[in-house]
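Comments concern the structure below.
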Amino acid sequence: MQHMDNAFTLLRRAVDLLPEDAAAENGQTVGDVREDIVRQDWEMVLGVLIEIGDVHPVSVDFWELLAEAARQLMLDRSRRWCEWRGWEVRHGTVRATLSLVGAEEGRRRTAFAADGRLRPMWDIGNRTAGGERELNIARLWVEYAQELGPGETADVRLAPLSPDQWRHLKCGDVITMYEAQPVAGTATVIEVLPPRA
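Using my numbering, you'd call the opening residue of the sequence shown number 69 and step up by one each time.
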């Protein structure tokens with residue numbers, strides 16, 4: 069049976085993948101993380117490593133280590149975020165500002181969980197061989213929110229089921245979200261990054 073590292077070892081290994089000058093937006097450094105490791109503040113270590121990874125280019129391996137550590141620490145949302153970020157390193161990032169239609173205009177009456185489980189369809193301008201509109205599926209993660217409800221606007225990250233079909237998008241493009249008929253929302257692309265893996 070293959071040896072499985074514990075969460076604490078995984079976090080130590082993740083720190084070793086970072087350059088010494090890497091820092092989070094709040095100024096916490098790799099040195100600070102090493103001090104937190106000595107204090108065995110594992111949830112704090114994971115949180116700071118995620119923050120550093122969100123602003124500093126890191127590898128898929130880094131995100132995989134953090135995802136497994138979060139799983140072992142039973143931090144489900146952190147695990148899903150780390151898996152999401154690893155996916156982005158492999159496939160690229162599409163960020164957009166999404167405005168959902170109000171409850172009176174659309175079918176949605178309640179908020180949805182903002183953690184990447186919703187998989188709506190999107191009109192991103194693709195057409196079938198016969199010239200008809202083709203809808204593409206992408207998971208949706210709402211930034212800085214636990215949920216998003218009818219009539220609300222937020223920045224989102226999209227994880228397309230078929231990333232190659234989304235490569236034509238650029239900043240300023242407007243795409244349309246569907247959960248069914250009618251339109252569920254519209255989004256303006258604010259960032260498109262290529263894969264880094």
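For each residue, glycine too, the CB sits at the ideal point set by N, CA and C.
**Q.** Where Val242 sits in the DSSP three-state scheme
**A.** strand
Q: Count the other CB atoms, across all protein chains shown, that sit within 10 Å of the CB of Gly245; report buried if there are 16 or more and exposed otherwise.
A: It is Met, not Gly, that sits at residue 245 in the sequence shown. When all chains shown are included, Met245 counts as buried.
Q | Span of the alpha helix (DSSP H) around Gly154 | A | Asp144 to His159
Q: Would you decide whether Leu143 is buried or exposed? Buried here means 16 or more other CB atoms lie within 10 Å of its CB.
A: buried
Q: Name the two residues that bound the continuous alpha helix (DSSP H) containing Thr77.
A: Ala75 to Asp84
Q) For Gly154, is the classification buried or exposed, using 16 other Cβ atoms within 10 angstroms of its Cβ as the cut-off for buried? A) buried
Q.
Check whether the region 128-136 and the region 183-195 are in contact - that is, three or more C-beta pairs closer than 8 angstroms.
A. no
Q.
Can you give me the C-alpha to C-alpha distance between Arg201 and Glu88, rounded to a whole angstrom?
A. 49 angstroms
(Q) Does Pro288 pass the burial test, meaning 16 or more other C-beta atoms within 10 Å, or should it be called exposed? (A) Because residue 288 is not part of the residues shown, which for the chain are 69 to 265, the question remains open.
Q. Within this structure, are the beta carbons of Ala92 and Val126 separated by less than 9 angstroms?
A. no
Q) In three-state DSSP terms, what is Ala164? A) strand
Q: Out of Glu111, Glu247 and Ala179, state which residue places its alpha-carbon closest to the alpha-carbon of Gln140.
A: Glu111
Q | Secondary structure of Gln70, DSSP reduced to three states | A | Reliability of the predicted coordinates at Gln70 is poor, the pLDDT of 41 falling under 50, and no value is obtained from them.
Q. Hey, quick one: how far does the alpha helix (DSSP H) through Trp234 stretch, first residue to last?
A. Looking at the DSSP string, Trp234 is not in any alpha helix (DSSP H), and its letter there is neither H nor E.
Q | Same chain, Cβ closer than 6 angstroms to Ile120, five either side skipped, listed in chain order | A | Ala90 and Ala92
(Q) Can you list, in chain order, the residues of its chain with a C-beta nearer than 7 angstroms to that of His159? Leave out the 5 residues immediately preceding and following it. (A) Pro231 and Pro263
Q) Nearest CA to the CA of Glu156: which residue from Leu226, Leu203, Glu211 and Thr97? A) Leu226
Q.
List, from N- to C-terminal side, the beta strand (DSSP E) runs of 3 residues or more that fit wholly inside the region 184-222.
A. 189-195 and 201-210
Q.
Pull the bridge partners of Thr97 from the DSSP assignment, please.
A. Ala91
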